[in-house]
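Number of protein chains: 2
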Amino acid sequence: MANARDVAKAAGVSVSTVSRALVAPDQVSDATRRRVVEAAERLGYRPNPVARGLRLGRTHAVGLIVPDLENPYFASVTKGVQARARAEGYAVFVADTDEDASVEAELVAGLAARVDGLILASPRSDDATLLAAVEGSVAVLANRELDGLPSIALDDADGAAQVLGHLRALGHRRVAVAQGPSSSWSGNRRLAGLRAAAEQFGDVELVHLGSFRPYFSGGHVAADHAAASGATAVVAFNDLMALGILDRLRSRGVRVPQDLSVVGYDDVAVATLVSPALTTVHSPLSGLGRRAVDLLVGRLRGATGTSTTTHLPVELVIRGSTGVPAPVTTG
Amino acid sequence: MANARDVAKAAGVSVSTVSRALVAPDQVSDATRRRVVEAAERLGYRPNPVARGLRLGRTHAVGLIVPDLENPYFASVTKGVQARARAEGYAVFVADTDEDASVEAELVAGLAARVDGLILASPRSDDATLLAAVEGSVAVLANRELDGLPSIALDDADGAAQVLGHLRALGHRRVAVAQGPSSSWSGNRRLAGLRAAAEQFGDVELVHLGSFRPYFSGGHVAADHAAASGATAVVAFNDLMALGILDRLRSRGVRVPQDLSVVGYDDVAVATLVSPALTTVHSPLSGLGRRAVDLLVGRLRGATGTSTTTHLPVELVIRGSTGVPAPVTTG
DNA sequence: ACGAAGCGTGCAATCGTTTGCAGACTAGCG
DNA sequence: CGCTAGTCTGCAAACGATTGCACGCTTCGT
Chain A
44 MANARDVAKA AGVSVSTVSR ALVAPDQVSD ATRRRVVEAA ERLGYRPNPV ARGLRLGRTH
104 AVGLIVPDLE NPYFASVTKG VQARARAEGY AVFVADTDED ASVEAELVAG LAARVDGLIL
164 ASPRSDDATL LAAVEGSVAV LANRELDGLP SIALDDADGA AQVLGHLRAL GHRRVAVAQG
224 PSSSWSGNRR LAGLRAAAEQ FGDVELVHLG SFRPYFSGGH VAADHAAASG ATAVVAFNDL
284 MALGILDRLR SRGVRVPQDL SVVGYDDVAV ATLVSPALTT VHSPLSGLGR RAVDLLVGRL
344 RGATGTSTTT HLPVELVIRG STGVPAPVTT G
Chain B
44 MANARDVAKA AGVSVSTVSR ALVAPDQVSD ATRRRVVEAA ERLGYRPNPV ARGLRLGRTH
104 AVGLIVPDLE NPYFASVTKG VQARARAEGY AVFVADTDED ASVEAELVAG LAARVDGLIL
164 ASPRSDDATL LAAVEGSVAV LANRELDGLP SIALDDADGA AQVLGHLRAL GHRRVAVAQG
224 PSSSWSGNRR LAGLRAAAEQ FGDVELVHLG SFRPYFSGGH VAADHAAASG ATAVVAFNDL
284 MALGILDRLR SRGVRVPQDL SVVGYDDVAV ATLVSPALTT VHSPLSGLGR RAVDLLVGRL
344 RGATGTSTTT HLPVELVIRG STGVPAPVTT G
């Protein structure tokens with residue numbers, strides 16, 4: 044409400060002195076500074092961030108663009124971004140694309156002039172579109188790798204390898220894979236990780252069930268494919284899909300894990316709320332958000348390292364949905 | 044990147060004309076307007092929202108303050124707010140208080156000058172603090188009622204009444220209630236609704252188990268109390284708590300709904316992901332967010348109706364977790 | 001005692017836009 | 001042909017802060 048002029052008047056100084064007393068205290072005399080600070084406090088003065096943003100060209104705000112706020116994956120990322128950004132003195136604009144790649148560029152353009160930098164979480168646009176959209180802005184990616192933009196990602200391939208190692212150790216030799224959208228960058232990384240691990244083991248066969256929607260409903264569909272595949276375990280693209288698989292299997296009377304082991308990915312909170320609890324790959328999602336802010340803020344402060352990707356480690360957590368496969372009973 | 048001066052130069056006109064050509068097209072001649080629009084398009088000009096915000100005193104941004112973004116309840120509200128705000132041309136600042144009432148006022152103060160209006164979702168602060176914090180800003184409340192501020196809420200009392208009516212119709216006569224934090228405004232409204240309905244029926248007894256944390260973990264604790272209460276049904280403060288109750292009952296071998304019926308509240312997405320699926324009160328959460336934006340934008344456009352509360356209807360959805368109580372077997 | 005150095009303060013420009021005001025030019029009417 | 005009305009455009013102020021520059025005063029050294 045009160046602006047610098049009000050404070051200046053109250054303290055009997057000029058507006059410039061008010062500004063300096065607050066941002067460069069050593070440039071004003073002790074007596075003056077005290078008068079100004081006292082007046083500012085008494086009037087509840089806060090420098091207007093919009094005016095400051097215009098003058099300085101820095102708004103102290105960042106933008107976050109996510110595909111779906113209701114998806115617990117992005118809810119966690121958003122939480123992490125918000126927390127760290129606030130700690131660093133930045134306000135956060137958040138925009139939800141509703142999984143529609145075509146609105147991403149528009150959102151970037153709309154936010155660009157309002158923020159100092161942008162965080163794009165799992166953007167759905169293709170590489171060229173994305174690069175063109177962020178042209179002229181400072182941007183970092185979360186959960187996506189792209190030449191020319193710095194990014195934070197999870198070590199998806201390693202997580203997938205851990206999953207396959209776990210299943211193999213339990214005795215599984217035929218493992219079904221329920222993929223998500225083929226456009227999903229992290230999905231492809233996970234698949235590559237599974238393949239690499241399978242190849243390395245040599246004695247585990249992967250059965251590709253196809254692509255399914257990365258939600259509960261997609262899991263319902265995938266479950267029947269998995270049951271028909273002859274595999275003793277199924278690896279889902281993410282936890283939501285795995286939960287759908289569990290649900291469908293239960294209603295069909297397929298026992299988990301005796302008849303079929305099920306593995307998810309992400310370790311969203313819901314994974315522990317079902318029975319059997321879901322074996323999954325714990326992913327530090329809010330950490331991903333926090334690190335994205337760190338990376339962005341580093342850029343804004345002038346760090347100009349190479350635009351590389353940092354991979355955060357993930358960890359398999361074993362719960363009730365995986366177990367030793369039942370011995371094959373011959374008909 | 045390009046500003047009005049660049050466009051002016053390119054079109055051979057003054058900056059004022061550029062502005063007018065875009066915001067008040069009927070004030071410039073056809074020929075000039077075409078030249079300006081063409082130049083603006085060619086240069087990819089977008090009026091700088093920060094500068095415009097400074098000049099007009101309206102930033103075309105709104106702020107949303109929620110207790111916890113990871114809570115699916117608020118994730119849905121946030122999604123609704125974001126969607127409607129964007130449709131109305133507003134960008135959204137989002138801030139998460141981590142359930143800490145004491146940071147609410149600070150967040151409001153920090154955002155106040157950046158936004159045209161604020162939406163406070165389920166604020167935890169007490170009435171006086173809240174009113175003082177929003178002094179001087181345009182603010183609306185979601186899921187909280189407070190004299191002097193307009194708000195959108197859900198018809199909690201009616202939802203609770205529907206719950207009790209359902210249980211009574213099934214034959215339940217002794218119903219346990221697991222409350223959430225006593226500071227929860229909506230929790231108290233729900234409790235009041237249950238009490239009113241019980242009183243009206245006359246033949247249903249409510250057993251108060253106490254207050255529990257409104258999460259999965261709180262449900263674990265509440266479950267044992269419920270089992271010991273002699274009630275044939277338990278009503279939880281929200282879905283997360285109800286899921287915790289289900290989980291704990293299952294591990295204790297208590298059958299749902301034969302031995303004990305369980306009812307949640309909110310109908311978050313997870314409620315259908317468990318078995319038995321949760322009977323709960325479907326609450327239009329993203330609708331709540333959208334309506335909050337409508338209310339706020341109405342205020343910003345000058346509507347000055349009385350600061351009243353609108354209640355959105357809720358609807359009981361019956362799933363597998365409630366049923367007819369088993370006949371009492373005498374020892 | 002005079003000059004230089006240095007500290008503290010204010011003036012004014014600036015960021016990019018919008019908008020009141022006034023000037024210039026056209027057109028229309030008598 | 002002259003006056004008026006009206007249309008279009010530009011100038012300049014304004015929003016609220018930050019900051020380069022210059023000025024005035026004190027202080028110190030010689």
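As given, the protein sequences belong to chains A and B, one line each in that order. The first sequence: position 17 = 60 (our numbering), numbered continuously. The second sequence: position 18 = 61 (our numbering), numbered continuously. All C-beta atoms in this analysis are idealised placements derived from N, C-alpha and C, irrespective of residue type, glycine included. Keep in mind that this is a model prediction, so the values were computed, not measured.
Check: Supposed close pair B/S318, B/V357 - CB separation, criterion 8 Å; Outcome: Actually they do not touch by this definition, with Cβ atoms about 24 Å apart.
Check: A/R48 (DSSP reduced to helix, strand or coil); Outcome: helix
Check: First through last residue of the alpha helix (DSSP H) which encompasses B/E248; Outcome: Note, B/E248: premise wrong, no alpha helix (DSSP H); beta strand (DSSP E) at E248 to S254.
Check: Where A/T60 falls, given that 16 or more other Cβ within 10 Å makes a residue buried; Outcome: buried
Check: Whole-Å CB distance - B/V311 paired with B/P110, under 8 Å assumed; Outcome: Their Cβ separation, rounded to whole angstroms, is 15 Å, which puts B/V311 and B/P110 out of contact at 8 Å.
Check: Simplified DSSP assignment, three categories, for A/I361; Outcome: coil
Check: C-alpha distance - B/A130 paired with A/L234, whole-angstrom precision; Outcome: 37 Å
Check: Nonlocal neighbours in the same chain, by C-beta distance under 6 Å from B/Y258, ignoring five residues either side; Outcome: L283
Check: Residue from A/E81, A/A164 and A/D143 with nearest C-alpha to A/L333; Outcome: It is Arg, not Leu, that sits at residue 333 of chain A in the sequence shown. Of the candidates A/E81, A/A164 and A/D143, the one whose C-alpha sits nearest the C-alpha of A/R333 is A/A164.
Check: A/D190 versus B/L154 - alpha carbon distance; Outcome: 35 Å
Check: Contact the segment 250-257 of chain A vs the segment 273-289 of chain A: 3+ CB pairs below 8 Å; Outcome: yes
Check: Closest by C-alpha distance to A/A128, when choosing among A/D159, A/G202, A/L150 and A/G100; Outcome: A/D159
Check: Rounded separation between A/G123 and A/G330 - CA only; Outcome: 6 Å
Check: B/K122 at chain A interface by Cβ criterion, 8 Å; Outcome: yes
Check: Sheet register partners of B/A279 (DSSP bridge); Outcome: B/A221
Check: Cβ neighbour criterion (16 or more within 10 Å) applied to A/G374; Outcome: At A/G374, the pLDDT of 47 sits below 50, so the modelled position is not reliable; the number obtained from the coordinates is stated separately. That one is exposed.
Check: C-beta contact flag for B/V58 and B/V79 at 8 Å; Outcome: no
Check: Every unbroken beta strand (DSSP E) within the segment 186-222 of chain B, with a cutoff of 3 residues, ordered by chain; Outcome: 194-197 and 217-222
Check: Touch test, the segment 184-201 of chain A against the segment 339-357 of chain A, Cβ-Cβ under 8 Å, three pairs minimum; Outcome: yes
Check: Proximity test, Cβ basis, 8 Å: B/G374 and chain A; Outcome: Residue placement at B/G374 is flagged as unreliable, the pLDDT there being 47, under the threshold of 50; a coordinate-derived value is accordingly withheld.
Check: Selected residue, minimal CA-CA separation from B/V181, among B/R362, B/T347, B/G363 and B/V367; Outcome: B/T347
Check: Inside the segment 110-168 of chain A only - beta strand (DSSP E) runs reaching at least 3 residues; Outcome: 134-139 and 160-164
Check: Chain A within 8 Å of B/M284, Cβ atoms only; Outcome: no
Check: Residues bridged to B/G245 (per DSSP); Outcome: Bridge partners of B/G245: none, in fact.
Check: Beta-ladder partner(s) of B/A304, from DSSP; Outcome: The sequence as given places Ser at residue 304 of chain B; Ala does not occur at that position. Answer is B/A276, bridged to B/S304.
Check: Neighbour list for A/L97 in chain B, Cβ cutoff strictly below 7 Å; Outcome: V93, A94 and L97
Check: Limits of the unbroken alpha helix (DSSP H) element including A/S65; Outcome: Note on residue identity: the sequence assigns Leu, not Ser, to residue 65 of chain A. Its alpha helix (DSSP H) spans residues V58 to V66.
Check: CB contact flag (B/V299, B/S364, <8 Å); Outcome: yes
Check: Neighbour list for A/L112 in chain B, Cβ cutoff strictly below 7 Å; Outcome: A118, T121, K122 and Q125
Check: Interface flag, B/V50 vs chain A, CB-CB below 8 Å; Outcome: no
Check: Contact under 8 Å by Cβ, B/A47 with B/A82; Outcome: no
Check: DSSP state of B/L321 mapped onto helix, strand, coil; Outcome: coil
Check: Below-8 Å beta-carbon distance, A/L174 vs any chain B residue; Outcome: no
Check: Contact set for A/V183: own chain, Cβ-Cβ below 8 Å, skip 5 residues either direction; Outcome: G160, L161, I162, L163, L192, P193, S194, I195, A335, L338, L339 and R342
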